[in-house]
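Participant: Chains as they are written, first to last, in my numbering: chain A, 20 to 627; chain B, 17 to 226.
Yeah, the Cβ is synthetic: ideal placement off N, Cα and C, and Gly gets one too.
1. Is the beta carbon of residue 236 of chain A within less than 6 angstroms of some heavy atom of the ligand ZN?
2. How would you write the range of the beta strand (DSSP E) that residue 580 of chain A sits in, first residue to last?
3. Give the straight-line distance between the Cα atoms of residue 194 of chain B and residue 507 of chain A, rounded to the nearest whole angstrom.
4. Return the CA-CA distance between residue 582 of chain A and residue 97 of chain B, expressed in angstroms with no decimal places.
5. For the alpha helix (DSSP H) containing residue 117 of chain A, list its first residue and its last residue.
6. Under three-state DSSP, which class holds residue 227 of chain B?
7. Buried or exposed for residue 154 of chain A, going by 16 or more other Cβ atoms inside 10 Å?
8. Taking only beta-carbon positions, decide if residue 181 of chain B is within less than 7 angstroms of chain A.
9. Using the DSSP secondary-structure output, state which residues sit across from residue 133 of chain B in a beta bridge.
10. Give me the Cα-Cα distance between residue 69 of chain B and residue 75 of chain B, rounded to the nearest whole angstrom.
11. Between residue 33 of chain A and chain B, is any beta-carbon pair separated by less than 7 angstroms?
12. Closer than 6 angstroms by C-beta to residue 237 of chain A: which residues in its own chain qualify, once you throw out the five before and the five after it? Chain order, please.
13. Step through the CB atoms of chain B and report whether any lies within less than 7 angstroms of the CB of residue 206 of chain A.
14. Along the stretch 99-112 of chain B, where does the CB come closer than 8 angstroms to a CB of chain A? Name the residues.
15. Out of curiosity, what's the CA-to-CA distance linking residue 584 of chain A and residue 545 of chain A?
16. Within 10 Å of its beta-carbon, does residue 57 of chain A have 16 or more other beta-carbons around it, so buried, or fewer, so exposed?
17. State yes or no: is the beta carbon of residue 158 of chain A nearer than 7 angstroms to at least one beta carbon in chain B?
18. Give me the subset of the stretch 263-283 of chain A whose CB atoms are less than 8 angstroms from a CB atom of chain B, sorted by chain position.
19. Which residues, taken in chain order from the stretch 112-126 of chain B, show a beta carbon closer than 7 angstroms to some beta carbon of chain A?
20. What residue from A/575, A/489 and A/294 has the CA that sits closest to residue 230 of chain A's CA?
21. Give the interface partners of residue 37 of chain B over in chain A, defined as CB-CB distance under 9 angstroms, in chain order.
22. Which of the three DSSP states, helix, strand or coil, is assigned to residue 516 of chain A?
23. Kindly list, in the order they appear in chain A, the residues whose Cβ is closer than 9 angstroms to that of residue 143 of chain B.
24. Helix or strand or just coil, what does DSSP make of residue 200 of chain B?
25. Contact defined as beta carbons within less than 8 angstroms: I believe residue 129 of chain A pairs with residue 170 of chain A. What is the distance between those atoms, to the nearest angstrom?
26. Would the beta-carbon of residue 127 of chain A fall within 7 angstroms of that of residue 173 of chain A?
27. Excluding five sequence neighbours on each side, which residues of the same chain lie with their C-beta closer than 8 angstroms to the C-beta of residue 147 of chain B?
28. Could you confirm whether any beta carbon from chain B is found closer than 7 angstroms to the beta carbon of residue 621 of chain A?
29. Just by C-beta distance, which residues in the stretch 150-164 of chain B are closer than 9 angstroms to chain A?
30. What is the residue span of the alpha helix (DSSP H) that residue 115 of chain B lies within?
31. Taking the C-alpha atoms as reference points, what is the distance between residue 219 of chain B and residue 553 of chain A?
32. When DSSP labels each residue in this structure, what does residue 504 of chain A get in the three-state scheme?
33. Could you list which residues in chain A have their beta carbon closer than 8 angstroms to that of residue 66 of chain B, in chain order?
34. Find out if the Cβ-Cβ distance for the pair residue 125 of chain A, residue 176 of chain A is shorter than 7 angstroms.
35. Per DSSP, residue 370 of chain A forms a beta bridge with which residues?
36. Give me the chain B residues within the contact set of residue 579 of chain A, using Cβ-Cβ distance strictly less than 7 angstroms, ordered along the chain.
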């Protein structure tokens, strides 16, 4: 305090007093900058000028031509929109092994402007590394008037990236990769007729097509700002996440399907036949464990085969089942209380039916067969004669309950419902023929499910190909969860029919000793049906031979149904389809560890 | 004044002398102002400013760095994912039942003719175990593609060796299941097993030889 006093006492003017010594330098500067008002005004004008530039630019950008600048900004890489492709769901077998799966893939694309100069060496490099056609690639790389050319599509991502990196390292510029998912069918032809395949733009057949919406999912997208190829942190970004497709779990057993297909091919080729199919069904659940078609195709290369070989003939092509159908007719008749397995029938050499005559497949004098003998010997006359015991409309109602004339809706595109004549068309002649499986047509799984009804103690289980449930593109919900059961014939009728079917594979009494499975009791029925030709509405002299049955007969586990179209070996159902049935059934029993029970086959008399 | 003041002081009792002393007006002492140089202030301010800018810069750089690293790691993840998937593809290819079956056949494995089951509880063998035979060998490969008509074996070959060829085929079917000369050895065996008297043409291009 004492120090301040002298200053107070100096007696300067107030203005002079304000001028403190420490501020001397500042005051000098202030004088250089002019007065405060002038400075304020200058600053204001300066700011106004700058702001007006900003304003003018704003009006130019937003008011005059906003789109042009927006596209310009997007084009120079300000923001980038990338697709987030949804992963397509896999198609799996019952053990989760993939029948079709999606692999991350890339397309290799080129900018011909950059590649034209070295088109030849680049094409040579790519043709060796990517296995693409040299000349096509050369053409693509040396195009003019374009800056985009496809080199290869659906290349596994690791390979594509490796090859493009190697090309860049060699100094070849202008190659790039884009997202292009690969659909892989690791098993080639196994279940190909069911699974279908994917074309360039979408599914073209099979389950891929039927369940496309569920498998495909929904692509997402992401928009963000980039600088020098890197995402700008905290930059503007929007993300629409992709919704991946759901996997489709089928009831197919890959290994059993494989074996069934190979046995079927051997059978069809061995009989010089046109085509064939085989169905393996789980008795209790109605799940289709294998559904083999021949001819078939390689799903990884569908173009190599004829289009007609790419769908499932078993499901899409109706045929007359022939004598296998006798199982349905006669078990219905037993259920109706008209006959038993031991009912004695007189079978004449031929049976008049309307203006025609029914024959048996073998000529014979008048025979004395039991109902079991009719099945074992597959007598058309015996069956037709017995079926005349039905009340009017009864047989049709039974066959409807067995599932004939209705689609199985297991999820196969273009499934045929078969053809069960309507009540109005039904008459005695028709019934005679329908009784032994002519004049009625079915699809393969439909018929297998009908035979399975007998195996299942008379209860029809609707077959399924999809585990759980899945929605088809047409909105139908299918799968094991939707499976239904309904009783068709009594347990007793089913048991009697099983006994009769056991006689079919007996070497002395039956028509199909080759269908036996060593160690197990087998029940089955042969079928040899005349085929309707493609050109006329008549039987054209060719045949459908088949064998359907189940095992072990004392406690059935599987139903197997093998059908061969137009065999040229003249062996009939027992000789052609029987051995295939035996092999497939034997494999299935072994694979699922079904122990032989030691039971003995039925010995009910076939003659009297 | 100078005379009265001491008088007053004398008269007034020195009651609140101290308070009185305090209440006396004096000139407010001037607040001490240190006119030190502005340098410290400027240093602090500029340090703040520079520190802020540098900090921001560093933060930004580290964000960029993180972005680079993220891009790199994303790329690495993509590469590894692609690698995993191609390995998965390899695995699927190796697990294909067809390739397994082919390898098994090449090793001489055959399918059992008659399976037998050993019940571990009773120790009994169920079923009828019998030795597997090569006859059960499965034809695994598809038939060769049909040849164009020009390359089909001309009919005269069959005509010239008709009887001999038939005998040879029958002998092959009966006695030498491993005969591979016709390119369809499994077919030949199977023919032999199913029906030795038949000799169906498996190549399918001449169904008329029977």
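Facilitator: The short version:
1. Only the bare structure without any ligand can be found here, which leaves the ligand ZN out of the picture.
2. 577-584
3. Note that residue 194 of chain B scores 38 on pLDDT, short of 50, meaning its location in the model is unreliable and no value can be drawn from it.
4. Annotation: residue 582 of chain A to residue 97 of chain B spans about 45 angstroms, alpha carbon to alpha carbon.
5. Taken as a continuous stretch (DSSP letters only), residue 117 of chain A belongs to no alpha helix (DSSP H), being part of the beta strand (DSSP E) at 117-122.
6. The requested residue 227 of chain B is not part of the displayed model; chain B covers only 17 to 226.
7. exposed
8. Model confidence at residue 181 of chain B stands at a pLDDT of 47, short of 50, so the residue's coordinates are unreliable and nothing is read from them.
9. B/142
10. 10 angstroms
11. For residue 33 of chain A, the predicted model reports a pLDDT of 47, less than 50, meaning its position is unreliable; a value from the coordinates is still stated below. So no, residue 33 of chain A is outside the interface.
12. Excluding the 5 residues flanking it on each side, residue 237 of chain A has same chain C-beta neighbours closer than 6 angstroms at 105 and 262, in chain order.
13. Taking Cβ atoms only, chain B reaches closer than 7 angstroms to residue 206 of chain A, which makes this a yes.
14. 99, 101, 102, 104, 105, 108, 109, 111 and 112
15. 14 angstroms
16. exposed
17. no
18. 273, 274, 277, 278, 281 and 282
19. 112, 113 and 114
20. Nearest to residue 230 of chain A by alpha-carbon distance, out of A/575, A/489 and A/294, is A/489.
21. Residues of chain A passing the Cβ test: none, with the nearest at roughly 17 angstroms.
22. Helix.
23. Within chain A, the residues near residue 143 of chain B are 537, 538, 539, 614, 615 and 617.
24. Below a pLDDT of 50, predicted positions are generally treated as unreliable, and residue 200 of chain B, at 38, falls in that range; the measurement from the model is reported next regardless. Residue 200 of chain B: coil per DSSP, three-state reduction.
25. Contact between residue 129 of chain A and residue 170 of chain A holds: their C-beta atoms lie close to 5 angstroms from each other, under 8 angstroms.
26. no
27. 129
28. No, residue 621 of chain A does not count as interfacial toward chain B.
29. 152, 154, 155, 156, 158 and 159
30. Unbroken alpha helix (DSSP H) run through residue 115 of chain B: 113-122.
31. Any reading at residue 219 of chain B must be qualified, since the residue scores a pLDDT of 39, below 50, and its modelled position is unreliable; the value itself is stated next. Going from the Cα of residue 219 of chain B to the Cα of residue 553 of chain A covers about 25 angstroms.
32. strand
33. Here the premise fails: no neighbours, minimum Cβ distance about 23 angstroms.
34. For residue 125 of chain A and residue 176 of chain A, yes; Cβs fall inside 7 angstroms.
35. A/377
36. The contacting residues do not exist; residue 579 of chain A stays about 16 angstroms from chain B at best.
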